[in-house]
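Asks: Got a structure for you, written out below as structure tokens; questions coming shortly.
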Amino acid sequence: MPIRFYNTLTNRLEDFNSVEPNVVRMYSCGPTVYDFAHIGNFRSFLFADLIRRFLEVQGYDVDHVMNITDVGHMTEDHLADGGGEDKMELAAQRLKEDKKSGKVPDGAIENPDDPYQVAQYFTDAFLGDARKLGLKIAFEYPEKIPHATNHIEDMQLMIAELLKNGHAYVGADQAVYYSVESFPNYGKLSGNSLDQLREGSGGRVEQKDQSNKKHPGDFLLWKPDQSHIMKWDSPWGTGYPGWHIECSVMAKKLLGRDVIDIHTGGEDLIFPHHECEIAQSCGTSGEESFARFWMHARFLLVEGEKMSKSKGNFFTVRDVLSGKVTGRDVHPAVLRYELLRSHYRSNMNFTEKGLRDSAGAVRKLTELNARLEEQTGGEAAQIDNSYPVVAEFLQALSDDLNISGALGCLFTWISQKPDNPHEALAALRIINKILDVAPMEHAQELADSEEASDAGGLDIKGLCQGIDAARANKDYAKADELRDQLQDAGYEVRNSPEGTVATKQLA
RNA sequence: GGUGCGGUGGCCAAGUGGCCUAAGGCGAUGGAUUGCAAAUCCAUUAUUCGCGGGUUCGAAUCCCGCUCGCACCUCCA
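The first sequence begins at 40 in my numbering and counts up by one.
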């Protein structure tokens, strides 16, 4: 069965074929590093991770690149594409406050007024979160995760080329703009036409801010601005690059092609960001397309509402993992599963209940894996992707990443009790290369690098033995008391013929 | 106003013309088990697919209208 993906460019499901056989070049719009990434960001990154892992299991060699946006930019880009406050400056203020209140550990950041330190601080935080959640690309930093600020020179080269071939001009304010009218396909990705965009902008974009541009839709490539914290010399004055140019440049440079296979991002990036990337990349390459497939993840809601800081439903990965939602620590595999389990093109509703459901599913998979490992001594049979449950799982994903269908096959199979544990283990391992929850590929090394202090001073084994002793003496009040202690500490307590066992709750 | 996506059980969600009196997960209920629980196992849990028309021998699945939700059109994954 062919792989089909929904292509935003054509608004259709299309058979997926890579430009070069067996190799997929994929670019994902990554985080801005002025703050901690939130779970909505990670849903989009995890969606890219799912594509990648799926294609890898299908036999593709996936070259994946994700950018770090660390150029400061401005908070209100509609003001002549660059008014308002500098985001790096805001981040510095926040960090200083957090440093004072002790939220930022000592030594984590020396000087919050240095934007490069701020960017690195949040980049490290992002990588830490991403690795915990099993984002494969996070283990390929910095090779596959470039910083925009390391590619300013190449951006300038592309801007110069756009000026040379007539796609860009210097406005009355000395800033360099891309001329959308020079690119006939502008609007194709988002389904907008220049006329509609002009109307849509009516009333919302002030006339005086537009007077420097030929068309209201023209967007910034280079802004001369001495006041910006991060600034670079250029033929058009000392200043900073426009937001969209970094992706065009880094995709081409790191993936080594003018036409890549897949480009991913959140749905909000369709317009203007990706529309502008296409205009820039095709404006320099002369190719018909920049990415053959544009794939976008829909936004995440929290308890049915859009996530926002003012509503108090704004969660970072570390918030969730440290129990801000559930009241107790959440295992990274649970959050990974939760963010992965719903189809990328529907709104996902992130809820506390959903998180607990996911914990149940992850536990089920984890225990199956443990059981099979034990039964087989870790010796898996030799099977390939045509093995029934694997084939069904992959077939579901082949249909535009139908993850629910895939999970449906998986759980149906689990409930049927495998008759050959060696084959079952092999099948589970293949499927887990994609899901990466039972167990997580890098869980052990990450756990080793962290202080394991989650027991909170409790002697888990001792308490379990205490329960067994009390039960043997029929002192049930004592046994219940000890069990309550363990449960309050977030442990699940089970009796078995071999004695009481306590395991940490997943969520 | 323009553009795009979607509305299936208590919740999440698959199914895109007959195998659907609708997969799977979670939950709930009853039973086995247990000192009691937990875990586990067994059983039950939508004659119905936002609403109204139409096409068809046959529709959750195709068409038309309506309605509700979401997103983008301004920085945002």
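All C-beta atoms in this analysis are idealised placements derived from N, C-alpha and C, irrespective of residue type, glycine included.
These numbers come from a predicted model, not from an experiment.
1) Determine the closest residue to serine 57 out of Ser67, Ile42, Leu48, Arg51, with distance taken between C-alpha atoms.
2) Can you give me the C-alpha to C-alpha distance between asparagine 106 and serine 287, rounded to a whole angstrom?
3) Among Val341, Gly69, Cys503, which residue has its Cα nearest to the Cα of lysine 183?
4) Quick check on glutamine 195: buried or exposed, where buried means 16 or more other Cβ atoms within 10 Å of its Cβ?
5) How long is the line joining the alpha carbons of valine 104 and glutamine 97, rounded to whole angstroms?
6) Taking all protein chains shown into account, decide if glutamate 531 is buried (16 or more other Cβ within 10 angstroms of its Cβ) or exposed.
7) Nearest-angstrom Cα distance between lysine 291 and glutamate 128?
8) Fully enclosed by the region 432 to 485, which beta strand (DSSP E) runs are 3 residues long or longer?
9) Do you know how far the Cα of isoleucine 473 is from the Cα of phenylalanine 93?
10) My output table needs one value for tyrosine 216: the three-state DSSP class, helix, strand or coil.
11) Kindly indicate which three-state DSSP category leucine 166 falls into: helix, strand or coil?
12) Should threonine 188 go down as buried or exposed, given a rule of 16 or more other Cβ atoms within 10 Å for buried?
13) Within a Cβ cutoff of 7 angstroms, which residues of the same chain sit near glycine 242, ignoring the five residues on either side of it in sequence?
14) Should the region 296 to 315 be regarded as contacting the region 263 to 279, the criterion being three or more beta carbon pairs within less than 8 angstroms?
15) Under a three-way DSSP split, which group does lysine 345 fall into?
16) So for proline 70, helix, strand or coil by DSSP?
17) Apart from the five residues on each side of it in sequence, which residues of its chain come closer than 7 angstroms, Cβ to Cβ, to glutamate 490?
18) For serine 240, which residues from the same chain have a beta carbon less than 8 angstroms from its beta carbon, with the 5 sequence-adjacent residues on both sides left out?
19) Alpha helix (DSSP H) containing aspartate 396: first to last residue?
20) Three-state secondary structure (DSSP) at arginine 243?
21) Along the chain, where does the alpha helix (DSSP H) that runs through isoleucine 506 open and close?
22) Going by DSSP, what residue range makes up the alpha helix (DSSP H) through glutamate 520?
23) For the 8 angstroms Cβ check, are there 3 or more pairs between the region 162 to 172 and the region 69 to 85?
24) CB-CB under 7 angstroms to alanine 486, same chain, minus the five flanking residues each way: which ones, in chain order?
25) Can you name the start and end residues of the beta strand (DSSP E) that leucine 260 belongs to?
26) Does aspartate 498 pass the burial test, meaning 16 or more other C-beta atoms within 10 Å, or should it be called exposed?
27) Any heavy atom of the ligand MN closer than 7 angstroms to the beta-carbon of leucine 260?
28) Would you give the residue range spanned by the beta strand (DSSP E) that isoleucine 299 belongs to?
29) Starting from the C-beta of methionine 387, find all residues in its chain whose C-beta is less than 6 angstroms away, skip the five residues before and the five after it, and write them out in chain order.
Replies: The structure says:
1) Ile42
2) 11 angstroms
3) Gly69
4) buried
5) 19 angstroms
6) exposed
7) 30 angstroms
8) none
9) 6 angstroms
10) strand
11) helix
12) buried
13) Because glycine 242 carries a pLDDT of 42, less than 50, the predicted location of this residue cannot be relied on, and the following value inherits that uncertainty. Closer than 7 angstroms at Cβ, skipping near neighbours: no residue.
14) no
15) strand
16) coil
17) Low local confidence applies: a pLDDT of 48 at glutamate 490 is under 50, so the model's placement there is unreliable, with the coordinate-based value given in what follows. Taken in chain order, the list of residues that qualify is empty.
18) Only weak support exists for where serine 240 lies, its pLDDT of 46 falling under 50; the value from the coordinates is given anyway. Excluding sequence neighbours, serine 240 sits near Pro255, Gly256.
19) 391 to 415
20) Its pLDDT being 43, under 50, arginine 243 is placed unreliably in this model, and the value from its coordinates should be taken loosely. Coil at arginine 243, not helix or strand.
21) 499 to 511
22) 515 to 527
23) yes
24) none
25) 258 to 263
26) exposed
27) Ligands are entirely absent from the displayed structure, and the ligand MN is therefore not among its contents.
28) 299 to 305
29) Leu339, Ser381
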